[in-house]
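With this note's numbering, the residue at position 167 of the sequence shown is 168, and numbering never jumps. C-beta atoms are modelled at their ideal positions from N, C-alpha and C, and glycine is treated no differently. What follows is a short report on a single structure.
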Amino acid sequence: MDILMFGGTKITLFFGLVIISWVLWGLRPGLKAIRHLKLAANMEQAKKELVKAIQSPVDSVDIPIMILTAKTLHDAVVAHKKAREPIFLGALEDSTEQIMENFLENRYIRPITLYANVLPPIGFIGTVVGMILVFNAGSDSALLMNAKGLGIALLSTLYALSGFVLIELVKIWIVNRASHCIDVGINLFHHLENTDTVEA
């Protein structure tokens, strides 16, 4: 109990550093998602990027979601035309949207959710350590022990919940931005089809 009695500040600092490190590590997938979620400056630039992606296939990691959506939809339409199958564009759009959502879910959302879900238990561990200090306070230093214990309990909970909220806000932004990028990608495909820029 000596460590708990005299190391309240150090314990609080330890939990704070663990939580901050975990939050920063958990935000890495979100930072990686930014390059996937960028939009072209205008439709002409987007068309050029799409034509380039169609003519010289590159890894999907290097293509923005907007372009990847339009390319996936274009490839599906071309495949149906080559197979002389009927083209139900609405169904292909829905399938493409689902493919893009699954891609983002597996690559970014799940890892971010994993990191976020670990934060409340870390905060709870800090709360338990703080409450152990409170419950084991001796008669000679009860006031100091209670203050340190409550400080550890409250601050670790505050750190963990703040980190959790921050990561969840990043995740919400990614989901909303991705949905917008997918919609723009589908519109880009239609714009390209209407202007006959890409040959089927």
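Notebook entry, point to check: Pick from R85, G27 and F16: whose alpha carbon is nearest that of T114?
Noted result: One-based indexing of the sequence shown puts residue 114 at position 113. Comparing Cα positions, the closest option is G27.
Check: Helix or strand or just coil, what does DSSP make of P87?
Finding: Position 86 of the sequence shown, counting from 1, holds the residue named residue 87. Three-state result, P87: coil.
Check: Below 8 Å between beta carbons: does that hold for L51 and L74?
Finding: Numbered from its first residue, the sequence shown carries residue 51 at position 50. Numbered from its first residue, the sequence shown carries residue 74 at position 73. No, these two residues do not count as a Cβ contact at 8 Å.
Next item on the list: Report the residue from Y109, E102, R108 and F125 whose alpha carbon sits nearest the alpha carbon of M210.
Entry: As displayed, the chain neither begins before 2 nor continues past 201, which places residue 210 out of reach and without an answer.
Checklist line | Proximity below 8 Å, CB of T128 to CB of T97 | finding: One-based indexing of the sequence shown puts residue 128 at position 127. One-based indexing of the sequence shown puts residue 97 at position 96. No; because the gap between Cβ atoms is not below 8 Å, this pair is not in contact.
Next item on the list: In the DSSP assignment, find the unbroken alpha helix (DSSP H) run with N118 in it and report its ends.
Entry: Indexing the sequence shown from 1 puts residue 118 at position 117. First-last of the alpha helix (DSSP H) with N118: R111 to F136.
Checklist line | Limits of the alpha helix (DSSP H) - the one that K33 falls within | finding: On the sequence shown, position 32 is the one that residue 33 refers to. Residues R29 to H37.
Check: So the alpha helix (DSSP H) I64 belongs to, where does it begin and stop?
Finding: Start at 1 with the first residue of the sequence shown, and residue 64 comes out as number 63. Neither: I64 is in no alpha helix (DSSP H) and is coded neither H nor E.
Next item on the list: Would you tell me roughly how many angstroms separate the C-alpha atoms of G124 and H181, rounded to the nearest one?
Entry: The sequence position of residue 124 within the sequence shown is 123, counting from 1. The sequence position of residue 181 within the sequence shown is 180, counting from 1. Their Cα atoms are separated by approximately 34 Å.
Notebook entry, point to check: Considering only residues of the same chain and omitting the five flanking positions on each side of I187, which have a CB-CB separation below 8 Å?
Noted result: Residue mapping note: residue 187 aligns to position 186 of the sequence shown, counting from 1. The residues are T70, A71, L74, E94, T97 and E98.
Next item on the list: Leaving aside the five residues before and after L120 along the sequence, list all residues of the same chain whose C-beta is less than 6 Å from its C-beta, in chain order.
Entry: The residue given as residue 120 occupies position 119 in the sequence shown. So the qualifying residues of the chain are A161, G164 and F165.
Notebook entry, point to check: Sorry if obvious, but does the Cβ on I66 come closer than 7 Å to a heavy atom of the ligand FAD?
Noted result: Summarising the ligand content, the structure contains no ligands, and the ligand FAD is consequently not present.
Next item on the list: Give the straight-line distance between the Cα atoms of G202 and I12, rounded to the nearest whole angstrom.
Entry: The question about residue 202 has no answer here: the residues shown for the chain are numbered 2 through 201.
Item checked: Distance CB(I110)-CB(K172) smaller than 8 Å -> Position 109 of the sequence shown, counted from the first residue, corresponds to residue 110. Position 171 of the sequence shown, counted from the first residue, corresponds to residue 172. Closer than 8 Å, so yes.
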